[in-house]
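Here's the structure, in structure tokens; my notes come after.
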Amino acid sequence: MENWDDIRVFLAVARAESLSAAAPGLKMDPATLGRRVARLEERLGAALFVKSPQGYALTGRGERLQAHAARAEAALALAGEAGAPERGLTGQIRIGAPDGCANFILPQVCAAIQAENPDLELQILALPRVVNLSKREADMAVTVSPPQAGRLTVQKITDYRLSLAQRADAPLPQSLAALGDRPLVGYIPDMIFDRELDYLGDLGARGVPLASNSVSVQLMMLRHAGIGIVHDFALPFAPELRRVLTNELSLTRAFWLVRHAADRRSTRLTRFAAALLAGVRAEVARLEAECLTGGSAERDG
Numbered sequence: 046m047e048n049w050d051d052i053r054v055f056l057a058v059a060r061a062e063s064l065s066a067a068a069p070g071l072k073m074d075p076a077t078l079g080r081r082v083a084r085l086e087e088r089l090g091a092a093l094f095v096k097s098p099q100g101y102a103l104t105g106r107g108e109r110l111q112a113h114a115a116r117a118e119a120a121l122a123l124a125g126e127a128g129a130p131e132r133g134l135t136g137q138i139r140i141g142a143p144d145g146c147a148n149f150i151l152p153q154v155c156a157a158i159q160a161e162n163p164d165l166e167l168q169i170l171a172l173p174r175v176v177n178l179s180k181r182e183a184d185m186a187v188t189v190s191p192p193q194a195g196r197l198t199v200q201k202i203t204d205y206r207l208s209l210a211q212r213a214d215a216p217l218p219q220s221l222a223a224l225g226d227r228p229l230v231g232y233i234p235d236m237i238f239d240r241e242l243d244y245l246g247d248l249g250a251r252g253v254p255l256a257s258n259s260v261s262v263q264l265m266m267l268r269h270a271g272i273g274i275v276h277d278f279a280l281p282f283a284p285e286l287r288r289v290l291t292n293e294l295s296l297t298r299a300f301w302l303v304r305h306a307a308d309r310r311s312t313r314l315t316r317f318a319a320a321l322l323a324g325v326r327a328e329v330a331r332l333e334a335e336c337l338t339g340g341s342a343e344r345d346g
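Add 45 to the 1-based position in the sequence shown for our numbering, that's all there is to it.
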């Protein structure tokens, strides 16, 4: 039977895809990790990684070991929870999310949960792509589309709205067909990682003169110039902006909470997920209500 500590090192390197990226979480230096991986490979009599200047990529044998090791890791975590009295949440939990949710919703939600659970360490992984749960990049993820494959559990969190917005001091467009010469702000078209984020068809636009793969960068662009589609829950953070043409364009999307199927038996993660769902729902509703009643109210002429 292999030493679990060596398997733990293997899993961390497999998920991080490099020694230097795995080192901080394990509190070891990369050289030590390299020796531990080499020792494990020698005992198993097989290469687990293909090493290159770009990092560590799993071999076929490594992929099979990762699958078995991840299941063992989940079982150990569940065993540690079994029989423990219910108390405040502890340990580390990482949530992956698209950057709109990660920037404007999760910070205040996670702060409130952590305040009630002082021994809990929360990490928000903001990525302009789908978080890879199979590689344990995160314990759970917020997505804008429910995944169609994989051993995952999916819960709908809430709907959210998006509107066309621009600076309040800019000329008011009369229609979508007459947006004028103001540049459109939006996603870099070939970096849209989910079909739900492709708004060009809704606008009837052919190009995006001011583009970014980040929702936060798009919002900052709009604070200076242009017109674009914005999350209603983000508008309270940009008081210079106003919704426009809401009678012609108003979009609805949804957030979904995705977890590893094996984690369904984890009381700790299930309790956290329940708190996260309730917090995100409440915060989206609060910010959208503020958008309607505050300085970011619509201007339709």
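Just so you know, even glycine gets a beta-carbon here, dropped at the ideal spot from N, CA and C.
Note that the coordinates shown come from a computational prediction; the quantities given were computed from them, not determined experimentally.
The beta carbon of Pro-254 sits closer than 7 Å to the beta carbons of Pro-228, Leu-229 from its chain, once the five residues preceding and following it are set aside; these are given in chain order. Pairing Gly-79 with Leu-64 gives a Cβ-Cβ distance under 8 Å. Partner residues in the beta bridge of Lys-96, as assigned by DSSP, are Tyr-101. Judged by beta-carbon spacing, Val-303 lies beyond the 8 Å limit of Leu-286, meaning their Cβ atoms are not closer than that value. The bridge partners DSSP lists for Lys-201 are Trp-301. With a threshold of 16 other beta carbon atoms within 10 Å, Arg-288 meets it and is buried.
Nearest to Gln-153 by C-alpha distance, out of Ile-52, Val-329, Tyr-205, is Val-329.
In the structure shown, the three-state DSSP call for Ile-52 is helix.
Beta-bridge annotation (DSSP): Thr-188 is paired with Trp-301. In chain order, Gly-324 place their CB closer than 8 Å to the CB of Ala-157, counting only its own chain and leaving out the 5 sequence neighbours on each side. For Gln-137, the enclosing beta strand (DSSP E) starts and ends at 136 to 142. Shown here, Gln-168 sits in a strand according to DSSP, grouped into three states. Per DSSP, the unbroken alpha helix (DSSP H) holding Gly-79 starts and ends at 75 to 89.
Around the beta carbon of Leu-110, a 10 Å sphere encloses 16 or more other beta carbons of the protein chains shown; the residue is thus reported as buried. With respect to Ser-295, Asp-239 sits apart: the two C-beta atoms are not nearer than 8 Å. Secondary-structure assignment with DSSP links Gln-211 through a beta bridge to Ile-272, Arg-287. Annotation: the continuous beta strand (DSSP E) that includes Gly-231 extends over 229 to 231. Here the alpha carbons of Tyr-205 and Leu-134 stand approximately 28 Å from one another.
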